[in-house]
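Structure, as C-alpha cells:
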Amino acid sequence: MTTTRPAPAVPAVRRTAAWRRRDRRWGWVFVGPQLIGMVLFILGPFVASLVLAFASWDGLTALKWVGLANFVDQLTDELLLKSIVNTLLIALITVPVGLALALLIAVALEKLRTRSLYLVLFFAPVVTSTVAVAMIWQQLFRADGVLSGFIASTFHIDPPDWLGDPHLALISVCIVTIWSSVGLNAVIFLAGLQGISPSLIEAAQLDGAGAWSLLTRIRMPLISPIIFFSTIVAFISSLQTFDTVFVLTADAGPDNATRTIVYHIYDLGFGRFEFGPSSAASVILLVLTLVITGLQFAAQKRFVHYESD
Amino acid sequence: MAATDTIAPATLGDRQARTGRTLRKVGLHVVLLGAGLAMVFPFVWMLLTSFKTLPQLLEDPLSFLPNPWTIANYVQAWTSVPFGQAYLNSAYICLLSVAGTLVTASMAGYAFARIEFKGAKALFIVFLATQMIPKQVTLIPFYLLMSKFGWVDSHLSLIVPAMLVNPFAVFLMRQFVLTLPKELEEAARVDGCGRWRMFWRIVLPNLRPGLAALAIIVALDVWNNFLFPLVLLNTPDLFTVPLLLTSFRGQFGTINYGLVMAASAIATVPMLVAFVIGQRKIIASLASSGLGGR
Numbered sequence: 001m002t003t004t005r006p007a008p009a010v011p012a013v014r015r016t017a018a019w020r021r022r023d024r025r026w027g028w029v030f031v032g033p034q035l036i037g038m039v040l041f042i043l044g045p046f047v048a049s050l051v052l053a054f055a056s057w058d059g060l061t062a063l064k065w066v067g068l069a070n071f072v073d074q075l076t077d078e079l080l081l082k083s084i085v086n087t088l089l090i091a092l093i094t095v096p097v098g099l100a101l102a103l104l105i106a107v108a109l110e111k112l113r114t115r116s117l118y119l120v121l122f123f124a125p126v127v128t129s130t131v132a133v134a135m136i137w138q139q140l141f142r143a144d145g146v147l148s149g150f151i152a153s154t155f156h157i158d159p160p161d162w163l164g165d166p167h168l169a170l171i172s173v174c175i176v177t178i179w180s181s182v183g184l185n186a187v188i189f190l191a192g193l194q195g196i197s198p199s200l201i202e203a204a205q206l207d208g209a210g211a212w213s214l215l216t217r218i219r220m221p222l223i224s225p226i227i228f229f230s231t232i233v234a235f236i237s238s239l240q241t242f243d244t245v246f247v248l249t250a251d252a253g254p255d256n257a258t259r260t261i262v263y264h265i266y267d268l269g270f271g272r273f274e275f276g277p278s279s280a281a282s283v284i285l286l287v288l289t290l291v292i293t294g295l296q297f298a299a300q301k302r303f304v305h306y307e308s309d
Numbered sequence: 001m002a003a004t005d006t007i008a009p010a011t012l013g014d015r016q017a018r019t020g021r022t023l024r025k026v027g028l029h030v031v032l033l034g035a036g037l038a039m040v041f042p043f044v045w046m047l048l049t050s051f052k053t054l055p056q057l058l059e060d061p062l063s064f065l066p067n068p069w070t071i072a073n074y075v076q077a078w079t080s081v082p083f084g085q086a087y088l089n090s091a092y093i094c095l096l097s098v099a100g101t102l103v104t105a106s107m108a109g110y111a112f113a114r115i116e117f118k119g120a121k122a123l124f125i126v127f128l129a130t131q132m133i134p135k136q137v138t139l140i141p142f143y144l145l146m147s148k149f150g151w152v153d154s155h156l157s158l159i160v161p162a163m164l165v166n167p168f169a170v171f172l173m174r175q176f177v178l179t180l181p182k183e184l185e186e187a188a189r190v191d192g193c194g195r196w197r198m199f200w201r202i203v204l205p206n207l208r209p210g211l212a213a214l215a216i217i218v219a220l221d222v223w224n225n226f227l228f229p230l231v232l233l234n235t236p237d238l239f240t241v242p243l244l245l246t247s248f249r250g251q252f253g254t255i256n257y258g259l260v261m262a263a264s265a266i267a268t269v270p271m272l273v274a275f276v277i278g279q280r281k282i283i284a285s286l287a288s289s290g291l292g293g294r
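Taken in sequence, the protein lines are chains A and B. Mapping to the numbering used here: the first sequence position 220 is 220, numbers consecutive. Mapping to the numbering used here: the second sequence position 86 is 86, numbers consecutive.
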C-alpha cells in the first residue's frame, strides 16, 4: 500500500514508520481478547480432546495411555455404528429434501412483490429454540395426537405411532429438522435469486427458455455458490443433531432408533463418565465432518459455477 | 432451444398472456398461503391445546377449538417450575454474551481487516479453521476446564466463553469492516488520531448496521443454546428457558399434554412476538450470516 503512494515529505515517512511500529502492537491488542478465548476455550480443549481420545480416564484416578484402544472399542461398538448410520441418514434425508423445498419456496417468493407475510410464516420456526420445537412436535406426533388421528381417519388405517415405531421415529426427527430450517435456507436462496440481473433472465426468455429450464439452466447455476455454501452448513449442522433427538424422541428413541453421534458422545461422557471413549467418538465426528466437507469441496468443481468477474 | 422458438410467448395474444399471468399469481398466493399456514400449524395447535382441559385431550377425534377454554395449564406450568427466574437468567446471559461478543469480535475483526501485524494472516486462518471443529468435540475437556475454574453450575461458564470467543463473529465483523471506506480512518490519522481512538470514535459508530446484525445472530444462538447449559447447569434456579422447558419432558406423565403445550407457549410466544416486531431486521441479519456476510 505505502509503496504506491506519492512521495511524501521526510517527516511524514518517519511518522509513518513509527505509526507502523506501534500498529504492530495494536494488532495484538485488538485481537487479544478473542485470541485468549480461542486458546483457552477452543484450541486448548480441542488438544485435550485429542489427548483424552488416546487415554483412559474417569476424571478421578490418574490418566493412563491406552493407544488406539478407545478407537478400536468405539469402532466395534454397535451403538456408535448405529449412531453414525442414524446421523448419516438424517443428513442424507434432511439436506437434499430441505434445500430443495427451500429453493422451491424461494423461487415462488421471488415472483411476488408482497412477500413479508409469507416470510414471517416460513421463518417463525427458525427463531424458535430447538427444544421448544421438539416439545411441540412431540405432542403433535403422539399416537393419540392430531397428526395420527388425521391420517387414520383420512386413509382408514391404524393411527401411526410416530415416536414409538423405530423407522417412523427417525423420519419424525427429519421432518422436525426440515421444518425448523427450511425458512432460513429459503431466505438465503431468495437473497441469491434477487441478486441475479434481470437482463439475464430476459435474454433467456427471449431465447424461449421455459420456467423449468430457466430454473435449472439459469437460476440454479447462477446461485450455485450459495447453494453450495448452504449445503455445507446444512450437512455440518445435521451431523451435530442432538437437541431434537434428546427432546423429541426422549433420549435416543425406541431401541436407540434415533441415537446420533453427538447423543452418543453426551451419553458416554456425561451418562457413564467414560471420557476416553467419548473423546474418541468426538474425534470420529470431527473426521467424519472433515471428510464429508472435503468431498463436497471436491464435488463443487463439477457443479458450482463462479462468475468470472 | 431452436425447437421451442416456434411456441415462444410472443405468439400468444397480449391480453391472454396477462390473464394467464394474473391467474398464475393468484394460484401462487393460494399455494404459498397454504404452505405458510401448514408451517405455523404446530404453533397454532400448541396454543389451542394449551387452553384445553384433560377430557378434551382424550376425545377421538380431537376437536379443533377448546371448549371450554381454561388457563389452568398456564397456572400450573408457571407455578410448578421457576419460569420467571429462567427468563431473567436467559435475558442477562444473552445480554452480557452479546455485549461482550460485539466488543471483542469487532476489535478482532477490525484488526484482521485493517492492521498489518506479523502473523495476522496465519492467525486469521486459525480463526477460519476452528469453525470446522464441532463444538461438541471439545465438550468434555471444556466441562473439565469449567469445573477446574469452579464455574460448573454457574452462569460464568456460559457467559465468559461466549464473550471471549466466537470465530464466526470475528469473520463476519472483518467482512463488515472491509466494506467501510478507508478514507474515514486515513483522515483521522492525518489529524493525529491513534488506533485506539480511531476504532472507538470512527470505526465502531460506522459499523452500527453490522453490529446490529451480529447482535441478532448471537442473541438467537445464545438464547437457544441447549447442550452446554444442559451439561453445565444443575440447579433449576439457574436454568435457561430451553433447559427449564425440558423439565416437562415426560416428567409429569404424558397424559395431560395441555400442560406441556402451555409450558412450550410460555417459552416461545414472547420470542415469536419479538420476532414479528423485528422481522425485517432479523430475517435480513440471519440471511446475511447464511451468506457468509455477503
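Beta carbons are placed, not taken as given, at the ideal position from N, Cα and C, and that holds for glycine.
Chain-ordered neighbours of residue i on chain B, where CB pairs are closer than 7 Å
| i | result |
| --- | --- |
| A:A132 | P242, L245, S264, A267, T268 |
| A:M220 | None at all; the shortest Cβ gap to chain B is about 16 Å. |
| A:I36 | L164 |
| A:P96 | None at all; the shortest Cβ gap to chain B is about 18 Å. |
Cα-Cα separation, residue i to residue j
| i | j | result |
| --- | --- | --- |
| A:K82 | A:T76 | 11 Å |
| B:E59 | A:G145 | 10 Å |
| A:A25 | B:R195 | Before going further, note that residue 25 of chain A is Arg rather than Ala in the sequence given. Approximately 10 Å between the Cα atoms of the pair. |
| A:G98 | A:L147 | 21 Å |
| A:P33 | A:A169 | 44 Å |
| B:V165 | B:Y87 | 24 Å |
| A:F313 | A:D73 | There is no way to answer for residue 313 of chain A, as the model of chain A reaches only from 1 to 309. |
| A:A298 | B:L180 | 34 Å |
| B:L62 | A:V66 | 58 Å |
| A:A252 | A:L290 | 25 Å |
| A:Y118 | A:E110 | 11 Å |
| A:S153 | A:L140 | 16 Å |
Same chain only: Cβ atoms within 6 Å of residue i, ignoring 5 sequence neighbours per side
| i | result |
| --- | --- |
| B:R201 | none |
| B:V177 | G109, Y110, A113 |
| B:K301 | Since the first residue shown for chain B is 1 and the last is 294, residue 301 of chain B is missing from the structure and cannot be characterised. |
| A:L184 | V126 |
| B:N256 | L54 |
| B:A295 | Nothing in the structure corresponds to residue 295 of chain B, since chain B is present only between 1 and 294. |
| A:S279 | S49, L52, A53 |
Limits of the unbroken alpha helix (DSSP H) element including residue i
| i | result |
| --- | --- |
| A:G294 | 275-303 |
| A:Y118 | 116-123 |
| B:W45 | 14-50 |
| B:K148 | 139-149 |
| A:H264 | 261-266 |
| B:T79 | 72-80 |
| A:F44 | The sequence as given places Gly at residue 44 of chain A; Phe does not occur at that position. Run containing A:G44: 44-53, per the alpha helix (DSSP H) assignment. |
| B:M173 | 167-178 |
| A:M38 | Unbroken run through A:M38: none, as it is neither H nor E. |
| A:Y306 | Per DSSP, A:Y306 belongs to no alpha helix (DSSP H) and is neither H nor E. |
| A:E78 | 78-110 |
| B:R114 | 83-114 |
| A:A257 | First-last for A:A257: undefined, no H or E at that position. |
Buried/exposed call for residue i, threshold 16 Cβ in 10 Å
| i | result |
| --- | --- |
| A:D267 | buried |
| B:Q251 | Only weak support is given to the placement of B:Q251: the predicted model assigns it a pLDDT of 47, under 50, and the question is left unresolved by the model. |
| B:L238 | buried |
| B:P68 | exposed |
| A:T3 | Note that A:T3 scores 46 on pLDDT, short of 50, meaning its location in the model is unreliable and no value can be drawn from it. |
| B:I125 | exposed |
| A:A102 | buried |
| B:D191 | exposed |
Chain A contact residues for residue i, given Cβ-Cβ distances below 9 Å
| i | result |
| --- | --- |
| B:Y110 | F30 |
| B:Y257 | Q138, Q139, R142, G145 |
Sequence-distant residues of the same chain with beta carbon closer than 8 Å to residue i, five excluded per side
| i | result |
| --- | --- |
| A:P221 | H305 |
| B:W151 | S157, V160, L232 |
Chain E contact residues for residue i, given Cβ-Cβ distances below 7 Å
| i | result |
| --- | --- |
| A:Q240 | The chain labelled as chain E is not found among the protein chains of the depicted structure, namely A and B. |
Other residues of its chain near residue i: CB distance less than 7 Å, five sequence neighbours each side excluded
| i | result |
| --- | --- |
| A:F246 | Y263 |
| A:C174 | I90, I93, T94 |
Contact list for residue i against chain A, beta-carbon separation under 7 Å
| i | result |
| --- | --- |
| B:D153 | Simply none; closest approach about 14 Å. |
| B:T70 | Simply none; closest approach about 17 Å. |
| B:N224 | S129, T130 |
| B:P236 | The contacting residues do not exist; B:P236 stays about 15 Å from chain A at best. |
Cross-chain neighbours of residue i in chain B, by beta carbon under 8 Å
| i | result |
| --- | --- |
| A:G271 | Correct list: empty, because the minimum Cβ distance to chain B is about 11 Å. |
| A:I226 | L291 |
| A:L119 | Q279, I283 |
Closer than 9 Å at the beta carbon, the chain B residues around residue i
| i | result |
| --- | --- |
| A:P125 | M39, V40, P42, F43 |
Contacts of residue i in chain A (Cβ-Cβ under 8 Å)
| i | result |
| --- | --- |
| B:A99 | Under the 8 Å cutoff, chain A gives no residues; its nearest Cβ is about 13 Å from B:A99. |
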